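Numbering (this note's numbering), first residue to last: 2 to 127.
Idealized CB from N, CA, C, for every residue including glycine.
Everything numeric in this text was worked out from a predicted model, so none of it was measured.
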């Protein structure tokens, strides 16, 4: 069960990184080299309605240790269900996407603005 818990913690860290990576890149720009592929991989999983490999791994480890698994995915089990939001509800899905995209939209927007300011400063030195 300890290994399954470790995978769940790793999964939580991946979700947190996906949510905040672009904001972290404002301070540490090289974070983008990890954030962009992680975000694209997670987006591909959602768009293809595929199971997350970390969820699959956690459930396999739970089963091997004799612990019960759970139905659905990581976010539904650990985040929305404990708060009383059914993962299948449209409003819950919209909320998940807003929470996922908003910080990234802000972060990437600020990064773009910074890059444009830097480009303009190079083009017209004062």
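- Between residue 63 and the set 120, 8 and 36, the nearest pair of CA atoms involves 8.
- It is roughly 39 Å from the alpha-carbon of residue 105 to the alpha-carbon of residue 67.
- Residue 59 is positioned such that its CB atom lies no closer than 8 Å to that of residue 15.
- Between residue 12 and residue 56, the CB-CB gap stays under 8 Å.
- C-alpha of residue 109 to C-alpha of residue 32: approximately 12 Å in a straight line.
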